Every structure is written in C-alpha cells, then in structure tokens.
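Heads up, the sequence shown is in my numbering, so the first residue is 9 and it goes up one at a time. Shown next, in structure tokens, is the structure this report addresses.
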Amino acid sequence: MSMAQIYLDYNASTPIAPEVVAVMRDAMDRAFGNPSSPHWAGVPARQIVEKARGQVADLLGCAPEGVVFTSGGSEANNFALKGAFFGSTRARRHIVTTRVEHPSIVTPCQFLERLSAEITWLPVDGTGRIDPDDLRRAIAADTILISVMHANNEVGTIQPIEDCAAIAREHGIPFHTDAAQSVGKIPTRVDVLGVDLLTIAGHKLYAPKGIGALYVRNGITLEPLIHGAGHEGGRRAGTESALLAAALGEACVLASALSDMKRVSALRDRFWAALRDRFGNTVALNGHPKLRLPNTLNVSFIGRIGADVLAELDGVAASTGSACHAGRIELSPVLEAMGVPPEVGMGAVRFSLGRGTTAEEIDSVVAQLSNVLPRTA
Ligand SMILES: Cc1ncc(COP(=O)(O)O)c(C=O)c1O
Numbered sequence: 009m010s011m012a013q014i015y016l017d018y019n020a021s022t023p024i025a026p027e028v029v030a031v032m033r034d035a036m037d038r039a040f041g042n043p044s045s046p047h048w049a050g051v052p053a054r055q056i057v058e059k060a061r062g063q064v065a066d067l068l069g070c071a072p073e074g075v076v077f078t079s080g081g082s083e084a085n086n087f088a089l090k091g092a093f094f095g096s097t098r099a100r101r102h103i104v105t106t107r108v109e110h111p112s113i114v115t116p117c118q119f120l121e122r123l124s125a126e127i128t129w130l131p132v133d134g135t136g137r138i139d140p141d142d143l144r145r146a147i148a149a150d151t152i153l154i155s156v157m158h159a160n161n162e163v164g165t166i167q168p169i170e171d172c173a174a175i176a177r178e179h180g181i182p183f184h185t186d187a188a189q190s191v192g193k194i195p196t197r198v199d200v201l202g203v204d205l206l207t208i209a210g211h212k213l214y215a216p217k218g219i220g221a222l223y224v225r226n227g228i229t230l231e232p233l234i235h236g237a238g239h240e241g242g243r244r245a246g247t248e249s250a251l252l253a254a255a256l257g258e259a260c261v262l263a264s265a266l267s268d269m270k271r272v273s274a275l276r277d278r279f280w281a282a283l284r285d286r287f288g289n290t291v292a293l294n295g296h297p298k299l300r301l302p303n304t305l306n307v308s309f310i311g312r313i314g315a316d317v318l319a320e321l322d323g324v325a326a327s328t329g330s331a332c333h334a335g336r337i338e339l340s341p342v343l344e345a346m347g348v349p350p351e352v353g354m355g356a357v358r359f360s361l362g363r364g365t366t367a368e369e370i371d372s373v374v375a376q377l378s379n380v381l382p383r384t385a
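Put into structure tokens, the structure is as follows:
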C-alpha cells in the first residue's frame, strides 16, 4: 500500500496559494479586456495589472515603475544579461558572475560569450559563498554588468549581496541578483541589498508558472528581449496578462511578512538534527550551515546515490544533486564548484520545505530513511 504523498520540493515549485487562486478567479471573471484598451473592458484589466505591480513593488521596496512583468525567472535573468549586453555600445563587454548560478544565468552568459562577451566566473568556497574581494579583483574597465544570485537553489547558500553591490556601486557598474529562490524566504528589499536589477519567479512563491518580474532601477537601460508595441514602458512587448499579474501581486502580499519561515526553519533544523542523530558521520550537510535559506536542507548520504535513496522512499517528492549521464553519475555543477568530493556529492538529496510542510511529514521521512539506511550513530 502506498503511503501518503509528502512534498519536499518547494525549491522546484510551489502549489498555488488559495488566496492567489481567488484573485485569479476574480481577474478571469472581470478582466478579459486588453489592458491597453481605454474602454470599459480594458480599464479593469489595466487596474488589476497596475495594482499587482504596486504589490510586487511593495515587497521589494521599490517604485512600481521599476517592476517589469516577465514570463518567469528565466526570462528575467535573460533580460538582465542580454539587455545589458545589447544595450551597451562598448567594443569590449565584460560580465562578472559566479560558478554556482542557475542555468538561466549560465547559458545566456555562454551564449553571449559566443557573441564576443567576456565572462568571469567567480569561484566559491566549500559552503558555496563567493569572496567579495574576488569580485573586486575581477572588475575591469569594460565590465558592463555583475550578476550574483541571492540564494542558491540547490544548497540554499546566501551570497554577500550587500557587500558585492557596494563594490559594484563604487565602480558605477549595474548589479543584478537572481532572487528567484530568496523572495518570500528572506528579506529582499532592493535598497537594503543595494541592487539595480532583481529577478523574481512566481512559481517559487505560491503563484503559477508563467509569471515573474525583473526589477529595474530608474536610470538603468536594458535593450528589450522582446520587441513590439510599447508594453511595460517599452521594456517588454506583449499584451500583459491581468490574470497572471494579479497572481504574482497577491503572492507578494502573502510573502511579505515572511511569517511562516520561523516555523519552516525550525522544522528544517529538526529534520537535520534527527538525521545526524541516526546516521552520524555518514550524512553531511551541503551548503552554508547558517547563511542558508530557512527552508533548504541539502544532505549527502555518503557512499550512496541520491536517486537510489529517494527511490526507496515511498511518496516523497525531493530532488537530487547529481544526474546519471550515459551510465555515469555526474555531480551538479554547483556541488562541483563547491569542491564536494564525488563520493559525498553523488549521495546528495535536496529537501526543500514550505508552507504546507508539517512536523508529521518530517518525522515520517526520518522514519522511512531509518528503515532503508543502516543506522550508524
Ligand atoms: C535560482 C533560480 N533562478 C531562476 C530560475 C528560473 O525560474 P523560472 O522557472 O521561473 O524560469 C530558477 C528555477 O528553478 C531558480 O531556482
């Protein structure tokens, strides 16, 4: 008999919050018009889009005009990088980023490299953090953008964004952070962080897939990714979706208190303590022990393969830190950049908790792991 389903993959995606579903229903009922139409059908749609923009701006502590709606985190990241590259007229265009970014930063950078951009990939330490002094040393006369993720999706490590953004500001270089994983989990006010560009992904935040945003500080000019009519202040063409904008706006309202995160981090810590208690030194924590997202537990079952461990659990949705390619286990680039040894990294499992996670679920996963793995402590 199958056990209950337990969802511990909130960093991959979140369910849509009931409050978000409610505002989407309302938007569907009363806002079918084109937000750009001045008549009775367009006006409520425009009002919904602009109310949502204000809600996103409130969470980020910025002016509503700084929020550009996108199709998600990947588009926002592509917009920041390619927008800076194509918006610059310099002969040499240099971008600084890190070795632990999400593929939606890594692959656009590789694409821009093929178009003559020079990319510096900053190394990280064993916890996944960059050293701001490395950033300072990497800056060149033609650096057009610095992009450092706020928190890592795999191990949850939080980067020293305030320090890095201050260095960028000293040199007059625009600073972007991919906050897809951090919005709603830790504070992300743009003026506190000191960033010029910031990425949000709705489906990590209890809104649906297909909506995100890029914060663009006043005075920063990016070439649009999508050219067309003058939507989003000429920065992203395409008729706005009142439905999806409303969803992101409401999700940002729900996220603003960060109120559930104390409970979630206590559950996450209880989970880790129980694993240490049962499995001793045969489990290892990946990521920074403290400077880490409150919901993320990336743990290696040393000497095991993460996917095999997960396969032995019944109904538990989580992710692994390695992939099988042509019969070989390959570590994720993030664990590799952190210098995690292969026999440790191949046993990595990412458990990410969220609003729906209960103590009973954590206890059940610990009990299941205790049944399938030898107890060593
Ligand atoms: C750190 C990070 N950035 C960007 C993205 C991409 O966001 P989206 O799925 O909305 O395109 C993700 C999604 O996994 C992510 O974790």
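Every residue, glycine too, gets a C-beta built ideally from N, C-alpha and C. Small disclaimer: the values here were computed from a predicted structure and weren't measured.
Runs of beta strand (DSSP E) wholly within the stretch 250-322 (minimum 3 residues, chain order): 291-294, 304-309
Where the beta strand (DSSP E) through residue 338 begins and ends: 336-339
Close Cβ partners of residue 320 (< 6 Å) along its chain, the five nearest in sequence each way excluded: 380
Per-residue DSSP class, three states only, for residue 363: coil
Proximity of residue 296 and residue 137 at Cβ, strictly below 8 Å: yes
Proximity test, Cβ basis, 8 Å: residue 221 and chain B: As a matter of chain content, chain B is missing from the structure shown, which is built from one protein chain.
Local Cβ density within 10 Å of residue 79, reported as buried at 16 or more and exposed below that: buried
Own chain, CB closer than 8 Å to residue 245, minus 5 neighbours either side, in chain order: 232, 234, 235, 236, 237, 238, 239
Any 3 or more C-beta pairs closer than 8 Å across the stretch 14-22 and the stretch 346-366: yes
Chain-order list of residues whose beta-carbon lies under 8 Å from that of residue 81 (same chain, five-residue window excluded): 110, 112, 186, 188, 207, 208, 209, 212, 220
The stretch 39-57 touching the stretch 114-124, judged by at least three CB pairs closer than 8 Å: no
Cutoff 6 Å; reference residue 121; Cβ partners in own chain excluding five residues on either side: 127
DSSP bridge partner residues for residue 15 (one or two, in chain order): 325
The stretch 312-329 contacting the stretch 255-268, beta-carbon criterion three pairs below 8 Å: no
C-beta atoms of residue 92 and residue 230 nearer than 8 Å: yes
Cβ-heavy atom distance, residue 92 to ligand 1, below 7 Å: no
Three-way DSSP call (helix, strand, coil) for residue 78 in this model: strand
Local conformation of residue 429 per DSSP, three classes: Residue 429 falls outside the range modelled here, since the chain spans only 9 to 385, and no answer is possible.
Heavy atom of ligand 1 within 7 Å of residue 235 beta-carbon: no
Through-space distance from residue 290 to residue 384, alpha-carbon basis: 7 Å
Nearest-angstrom Cβ-Cβ length linking residue 279 and residue 305, presumed shorter than 8 Å: 6 Å
Inter-stretch contact at 8 Å, needing at least 3 Cβ pairs: the stretch 156-174 / the stretch 331-348: yes
Run of the beta strand (DSSP E) containing residue 126, from where it starts to where it stops: 126-130
Cβ shell of residue 62 (< 7 Å), same chain only, five flanking positions each side left out: 72
Residue 47 classed as buried or exposed, judged by whether at least 16 other C-beta atoms fall within 10 angstroms: exposed
Identity of the residue in 313, 370, 50, 100 nearest residue 281 by Cα: 370
Beta strand (DSSP E) runs wholly inside the stretch 80-115, at least 3 long, in chain order: 102-106
Residue 346 CB to nearest heavy atom of ligand 1 below 7 Å: no
Close-in-space but distant-in-sequence residues of the same chain around residue 95 (CB under 8 Å, 5 per side omitted): 229, 230, 231
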